[in-house]
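First residue of the sequence shown: 0, per numbering that gives the first Met the number 0; consecutive thereafter.
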Amino acid sequence: MSLAIPDTDFHVPDGETPVQCPHCGRPFRTERLRALHVGDAHDGWTDDEREAYESAMEAEREDLFVYHLKVVASLVAVYAFFFFTYLAVSMAQA
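Encoded structure:
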């Protein structure tokens with residue numbers, strides 16, 4: 000599944016050197032984004048492209064895991080804040 004996307008649909012900021020997809024020519028800011036695009040949007044990968052895709056997916060999984068840890072920690076902190084605030088208010092009224 001190869002997608003032909005015109006270059007006019009993308010804007011590359013001045014001073015940046017984009018990395019282009021070897022299949023459709025779409026520009027990307029990083030090699031990691033290009034590897035994810037090639038793995039998701041195109042067939043017929045080379046061994047290097049497959050390895051880059053798997054590496055990028057593993058990095059994405061790690062980043063997502065860290066994000067989930069931060070969300071859980073934030074929720075616990077908010078819960079603890081409200082619990083201790085409620086505890087302090089109820090003790091003050093008693």
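Beta carbons: idealized from backbone N, C-alpha and C, even for Gly. A quick note: this is a predicted structure, and the numbers were derived from the prediction, not measured.
Beta-bridge pairing by DSSP links Q19 to P26.
Setting aside the 5 residues that flank it on each side, E48 is surrounded in the same chain by V37, each with a C-beta closer than 6 angstroms to its C-beta; the list follows chain order.
Excluding the 5 residues flanking it on each side, Q19 has same chain C-beta neighbours closer than 8 angstroms at R25, P26, F27, R33, in chain order. Where V88 is concerned, the enclosing alpha helix (DSSP H) starts and stops at 46-92.
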